[in-house]
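The next block holds one structure in the form of structure tokens; read it before the comments.
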Amino acid sequence: SFDDGFPNLFINNAHDIRGQHVAFLASFSSPAVIFEQLSVIYALPRLFVASFSLVLPFFPTGSFERMEEEGDVATAFTLARILSNIPISRGGPTSLVTYDIHALQ
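Position 6 of the sequence shown, counting from 1, maps to 6 under the UniProt record's numbering, and the rest follow consecutively.
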């Protein structure tokens, strides 16, 4: 970490993934880890990977979120917008795999 507390991130052997099909298993289990992982997620497609897949087993912000009154902020929408703007890899847009999105049945 830097002195201000922000993560100092480095992808070891980044040249080895050039031209490879890359998958990143994310865990957004707490707000404290989301920024660090998003930073890596945004960096990987820029390393000239053949394709990039993001596996997010659990979409955390959709669990208890309800838009009940004016002024409520839809954090699930915000996170979805962030994920939809992941840079495009050489193989095209990122594939996002989510297993438990907490949608109403």
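Ideal Cβ positions, reconstructed from N, Cα and C, are used throughout, including at glycine. Please read these numbers as outputs of a predicted model, since none were measured by experiment.
Nearest-angstrom Cα separation, counted from residue j out to residue i
i           : j          : result
residue 153 : residue 49 : The displayed coordinates of the chain run from 1 to 105. Any statement about residue 153 would go beyond what the structure contains.
residue 75  : residue 25 : 21 Å
residue 16  : residue 80 : 30 Å
residue 110 : residue 77 : An answer regarding residue 110 cannot be provided, because it is not within the stretch 1 to 105 covered by the chain.
residue 13  : residue 73 : 40 Å
6 Å CB neighbourhood of residue i in its chain, flanking five on each side removed
i         : result
residue 5 : none
Pick from the options that is closest to residue i, judged by C-alpha positions
i          : options       : result
residue 87 : 61, 51, 67    : 51
residue 99 : 34, 57, 35    : 57
residue 33 : 1, 71, 44, 68 : 1
residue 96 : 54, 10, 11    : 54
residue 10 : 28, 3, 36     : 36
Residues near residue i by beta carbon distance below 8 Å, same chain, minus five either side
i          : result
residue 18 : 47, 48, 49
residue 91 : 21, 49, 50, 51, 52
residue 38 : 82
Exposure of residue i, with buried meaning 16 or more beta-carbon neighbours within 10 Å
i          : result
residue 59 : buried
residue 84 : exposed
residue 89 : buried
residue 31 : exposed
residue 93 : exposed
Own chain, CB closer than 7 Å to residue i, minus 5 neighbours either side, in chain order
i          : result
residue 42 : 86, 87
residue 23 : 53, 55
Q) Can you list the beta strand (DSSP E) stretches of 3 or more residues lying completely in the region 29-93, in chain order? A) Qualifying beta strand (DSSP E) stretches, in chain order: 51-58.
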